[in-house]
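Shown next, in structure tokens, is the structure this report addresses.
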């Protein structure tokens, strides 16, 4: 008899899949590009002269759904796409809810606070995710990360004090904080369930955000 079967590593269903150095480099590049593209979102939104933020959320979500469905059909086919939605389970639903809340809050927050405030708050997402992972799963957090988390908390406190002082709307900063929290929760879920493909969760998130925005928008003309 061996104790291999009872080994925590062997029995863990949440162990991260092994990746090659090439895949790791591709992953890092994709993360960099996603952060770069997201950072332009606020600036581009300022050039959209539409009074109703919900109209922007609706069209943004509609195009996101179209792109993601096309991508999944191209990569996995009809049957594979349906299987992705069926197999994402509760982790996928959780990520979809987080992304729907975050993406909607991002567009609405732009009407109440500055782009800088929103993006600075989002810069703390990795640190908030590390804090949540430590609280929920006791994942190890190094001393340098603890110092960075403390710095983020101080920065958030300064931003909140500005909104309370009337420099910007507290609604905007509250939504910016909500965005960071939702992205952090989604990151922890994705990390914990690394075997689940989250592309359909992103698609469902856009669908939920678009459906809710459609019920709130005053018009759909752009």
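In my numbering, the protein residues as written are 1180 to 1401.
Idealized CB from N, CA, C, for every residue including glycine.
Note that the structure is predicted; figures quoted are calculated from it, not measured.
Query                                                                                                                                                                  : Result
Suppose the cutoff is 7 Å on Cβ atoms and the five residues either side in sequence are ignored; what does the same chain contact list for residue 1270 look like?     : 1368, 1372 and 1375
Candidates 1378, 1386, 1209 and 1393: which alpha carbon is nearest residue 1262's?                                                                                    : 1378
What whole-angstrom Cβ distance do residue 1385 and residue 1247 have, given they're in contact under 8 Å?                                                             : 7 Å
Here's the rule I'm using: 16 or more other beta-carbon atoms within 10 Å means buried, otherwise exposed. How should residue 1394 be labelled?                        : exposed
Output the distance between the C-alpha atoms of residue 1322 and residue 1308, rounded to the nearest integer angstrom.                                               : 15 Å
Is the beta carbon of residue 1279 closer than 7 Å to that of residue 1209?                                                                                            : no
Give a yes or no on whether the C-beta atoms belonging to residue 1260 and residue 1267 are separated by under 7 Å.                                                    : no
Compute the beta-carbon to beta-carbon distance between residue 1362 and residue 1312, rounded to the nearest angstrom, for a pair I have assumed lies under 8 Å.      : So it is not a contact: roughly 13 Å between Cβ atoms.
Just the Cα atoms here: how many angstroms apart are residue 1193 and residue 1370?                                                                                    : Note that residue 1193 has pLDDT 47, beneath the 50 cutoff, so the model's placement of it is unreliable and the number below is only indicative. Rounded to whole angstroms, residue 1193 to residue 1370 spans 8 Å at the Cα level.
May I ask you to verify whether the region 1347 to 1361 touches the region 1291 to 1308, counting CB pairs closer than 8 Å and requiring at least 3?                   : yes
What are the start and end residues of each continuous alpha helix (DSSP H) run of 4 or more residues lying completely inside the region 1294 to 1347, in chain order? : 1294 to 1301, 1304 to 1316 and 1322 to 1343
Quick one: residues in its chain with C-beta nearer than 8 Å to the C-beta of residue 1335, no 5 flanking neighbours on either side, listed in chain order?            : 1300, 1303 and 1356
Can you give me the C-alpha to C-alpha distance between residue 1273 and residue 1265, rounded to a whole angstrom?                                                    : 14 Å
So is residue 1337 buried or exposed if we call it buried at 16+ other beta carbons inside 10 Å?                                                                       : exposed
So what does DSSP say about residue 1290, is it helix, strand or coil?                                                                                                 : coil
Under 6 Å Cβ to Cβ from residue 1288, same chain only, skipping five residues before and after it: list those, please.                                                 : 1297, 1351, 1354 and 1355
Quick one: residues in its chain with C-beta nearer than 7 Å to the C-beta of residue 1420, no 5 flanking neighbours on either side, listed in chain order?            : Missing from the structure shown is residue 1420; the chain here goes from 1180 to 1401 and no further.
Classify residue 1284 as buried or exposed, calling it buried when 16 or more other Cβ atoms lie within 10 Å of its own Cβ.                                            : buried
Run through DSSP, which three-state label would residue 1219 get?                                                                                                      : coil
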